[in-house]
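Some notes on the structure that comes next.
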Amino acid sequence: MLDSGVRRGADILIALCLGARFVFMGRPTLYGAAAGGISGVKKAISIFREEIDLVMAQIGCPSLDQLGPDFLWREDRSRNV
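Numbered according to the working numbering, the sequence shown spans residues -11 to 69.
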């Protein structure tokens, strides 16, 4: 589970790549509700879905089931010392 810091669809995908089974999206949906009621919540979720679809296409992953740590780039921090 990931509960905090989700601001974009890419954040959701990173959490899933790291092993999260689900992600809470409290604050963004609350902002949507405050701005436009139920239609604002639907719009916020729609934006997340569009961002997820875009990033999935960019990384070449056709399915959420196939996400894993291999899709993440990790910097070798030992070289920076």
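For every residue, glycine included, the Cβ atom is placed at its ideal position computed from N, Cα and C. What you are looking at is a predicted structure, and each value in this text was computed from that prediction instead of being measured.
Per DSSP, the bridge partner or partners of residue i
| i | result |
| --- | --- |
| Leu(-10) | Val11 |
Inter-residue Cα distance where the pair is residue i and residue j
| i | j | result |
| --- | --- | --- |
| Ala23 | Ile33 | 13 Å |
| Glu39 | Arg(-5) | 11 Å |
| Arg9 | Ser66 | 30 Å |
Spatial neighbours of residue i in its chain, beta-carbon cut-off 8 Å, leaving aside the 5 residues before and after
| i | result |
| --- | --- |
| Lys31 | Gly20, Gly24 |
| Pro16 | Val(-6), Arg(-5), Ala32, Phe36 |
| Leu55 | Leu1, Leu4, Cys5, Cys49 |
Proximal residues to residue i (C-beta, below 7 Å), its chain only, five neighbours per side dropped
| i | result |
| --- | --- |
| Glu63 | none |
| Asp(-1) | Gly(-7) |
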